[in-house]
Amino acid sequence: MLNRRFLRIKVMQALYAYIESGETNVNNGIKILKESIEKLYELFIWQLSFLVETKRYAENKLTENKHKYIPTYEDLHPNMKYVNNRLLNVIEDNVDFRKHEAKLKINWADDTQDVVKKYYTMMKDTEEYKKYMADKNDSFAADRKFIVTMISNYFADLDVLQDFYEDKSIYFCDDYHLVSSMLLEFFNKMKNFDVNSKLPEIYKTEADGVEANADETFIKDLFRATLDHDAEFGELIAENTNNWEKERICLMDMIILKMALTEFVCFPYIPVKVTMNEYIEISKYFSTPKSKIFVNGILDKLAKKLNDAGRINKMGLGLL
Numbered sequence: 539m540l541n542r543r544f545l546r547i548k549v550m551q552a553l554y555a556y557i558e559s560g561e562t563n564v565n566n567g568i569k570i571l572k573e574s575i576e577k578l579y580e581l582f583i584w585q586l587s588f589l590v591e592t593k594r595y596a597e598n599k600l601t602e603n604k605h606k607y608i609p610t611y612e613d614l615h616p617n618m619k620y621v622n623n624r625l626l627n628v629i630e631d632n633v634d635f636r637k638h639e640a641k642l643k644i645n646w647a648d649d650t651q652d653v654v655k656k657y658y659t660m661m662k663d664t665e666e667y668k669k670y671m672a673d674k675n676d677s678f679a680a681d682r683k684f685i686v687t688m689i690s691n692y693f694a695d696l697d698v699l700q701d702f703y704e705d706k707s708i709y710f711c712d713d714y715h716l717v718s719s720m721l722l723e724f725f726n727k728m729k730n731f732d733v734n735s736k737l738p739e740i741y742k743t744e745a746d747g748v749e750a751n752a753d754e755t756f757i758k759d760l761f762r763a764t765l766d767h768d769a770e771f772g773e774l775i776a777e778n779t780n781n782w783e784k785e786r787i788c789l790m791d792m793i794i795l796k797m798a799l800t801e802f803v804c805f806p807y808i809p810v811k812v813t814m815n816e817y818i819e820i821s822k823y824f825s826t827p828k829s830k831i832f833v834n835g836i837l838d839k840l841a842k843k844l845n846d847a848g849r850i851n852k853m854g855l856g857l858l
């Protein structure tokens with residue numbers, strides 16, 4: 539479920555919180571990191587539930603319209619395309635999803651229904667919705683494309699939903715955009731998903747071709763090793779940033795650089811190129827506008843320096 543980039547982001551966020559809080563117990567930091575990943579998965583379930591609830595809301599509205607005192611032709615013969623959206627219906631009927639929804643006690647009644655109403659009202663006014671409802675292409679692919687389009691185009695600025703989640707949990711607020719990416723990945727890869735299918739696990743499993751507990755071990759090792767090399771890599775970065783003082787480099791850039799250097803030196807099975815690409819991409823979204831160029835230049839320089847010093851020893855596909 540969580541690919542390695544998502545895991546790196548969670549470790550980065552946990553390191554930032556650990557350093558800012560002044561915490562000194564690494565085990566406490568790892569405990570909070572694991573809790574934040576569990577909350578990330580909870581928000582994933584909440585967002586699936588939210589999407590399903592918009593369909594339920596639409597269904598209730600159509601039923602109400604049919605029972606108006608003087609219903610119109612459209613009230614009596616409504617366009618059922620959104621209500622019949624195959625992607626939302628298969629999630630709603632999925633046994634595993636219902637178990638997760640019940641376990642988290644998710645309920646969109648009463649005050650929370652206003653959040654659903656506001657989104658549904660906004661959605662109906664979009665050109666994407668009007669085009670979808672009028673389109674004669676009635677298929678699972680078309681239904682999925684519409685949901686993916688709405689998430690891609692509107693969820694980032696959906697303040698009413700973000701405010702709702704902010705009140706639920708501080709973790710939800712921090713992970714809102716990350717979960718949107720998870721939803722898109724899940725929907726785009728959804729194949730043969732039915733009522734009895736299992737939702738993806740929070741960590742990849744042996745069924746995904748990953749060694750048991752590999753992802754959980756990865757996050758703990760990366761968090762601990764980055765802190766173990768904090769002072770060493772901090773000095774190394776300072777020595778190779780054109781005489782910049784460490785204090786002039788923003789904290790997030792420093793964490794990104796130190797995590798990358800840790801992977802260079804301490805993770806022999808991860809190729810240098812993979813590490814560089816991952817942290818350059820992460821810097822684009824979680825640091826300053828110029829961080830991508832800065833991180834790219836420093837990592838390229840330090841990778842060569844560490845390799846020449848014999849500090850980088852990669853195995854198999856991880857050879858430089």
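Mapping the sequence shown onto the working numbering, position 299 (from 1) lands on 837, and the numbers just tick up by one.
Even glycine gets a Cβ: it sits at the ideal position worked out from N, Cα and C.
All of these numbers come straight from a predicted model, not from anything done at the bench.
> Is the distance from the Cβ of I547 to the Cβ of I820 below 8 Å?
Replying inline: yes
> Using a Cβ-Cβ distance under 8 Å, would N623 count as near chain D?
Replying inline: This model lacks chain D altogether; it includes just one protein chain.
> Which whole-angstrom value describes the C-beta separation of L553 and I793, a residue pair presumed to lie in contact below a C-beta threshold of 8 Å?
Replying inline: 5 Å
> Any chance the region 631-650 sits against the region 571-589, with 3 or more Cβ pairs inside 8 Å?
Replying inline: yes
> Do the region 683-700 and the region 648-664 meet, that is, are 3 or more Cβ pairs less than 8 Å apart?
Replying inline: yes
> What's the call for I608, buried or exposed, on a 16-neighbour Cβ count within 10 Å?
Replying inline: exposed
> Quick one: Cα of E666 to Cα of N726, how far?
Replying inline: 18 Å
>> On the criterion of 16 or more Cβ atoms from any shown chain inside 10 Å, does N675 qualify as buried, or is it exposed?
In response: exposed
>> The alpha helix (DSSP H) that contains T764, what's its start and end?
In response: 752-766
> So, helix, strand or coil for G560, using DSSP?
Replying inline: coil
> Are there 16 or more other CB atoms within 10 angstroms of the CB of P827, so buried, or fewer, so exposed?
Replying inline: exposed
>> Tell me the rounded alpha-carbon separation between L716 and L737.
In response: 18 Å
>> Quick check on the burial criterion: 16 or more other C-beta atoms within 10 angstroms. Buried or exposed for D713?
In response: buried
> Do you know how far the Cα of V621 is from the Cα of E597?
Replying inline: 6 Å
>> Threshold first: 4 residues or longer. Then list the alpha helix (DSSP H) segments lying entirely within the region 759-841, N to C.
In response: 768-777, 789-804, 810-824
> Quick one, are the C-beta atoms of F802 and I850 less than 8 Å apart?
Replying inline: yes
>> For a minimum of 4 consecutive residues, which ranges assigned as the alpha helix (DSSP H) are wholly contained in the region 569-635?
In response: 611-614, 624-631
> Excluding sequence positions up to five away, which residues of its chain have a Cβ less than 8 Å from the Cβ of C606?
Replying inline: Per the sequence presented here, residue 606 reads as Lys, with Cys not at that position. Closer than 8 Å at the Cβ level, and outside the excluded window around K606, lie D613.
> Taking the C-alpha atoms as reference points, what is the distance between T664 and V810?
Replying inline: 44 Å
>> Less than 8 Å between the C-beta atoms of D681 and N623, yes or no?
In response: yes
> Which stretch, first to last residue, makes up the alpha helix (DSSP H) that contains T659?
Replying inline: 651-662
>> In this structure, how does DSSP classify K643 when only helix, strand and coil are distinguished?
In response: coil
> Quick one: is E630 buried, meaning 16 or more other Cβ sit within 10 Å of its Cβ, or exposed?
Replying inline: buried
> Roughly how many angstroms lie between the CA atoms of K662 and E576, to the nearest whole one?
Replying inline: 33 Å
> Leaving out five residues before and five after Y556 in sequence, what residues of the same chain have Cβ atoms less than 6 Å from its Cβ?
Replying inline: G567
> In angstroms, rounded to a whole number, what distance separates the CA positions of G856 and N815?
Replying inline: For G856, the pLDDT reaches just 45, beneath the cut-off of 50, and the residue's location in the model is therefore unreliable, leaving the point undetermined.
> Helix, strand or coil: which one does DSSP assign to A694?
Replying inline: helix
> Mapping DSSP to helix, strand and coil, what is Y709?
Replying inline: helix
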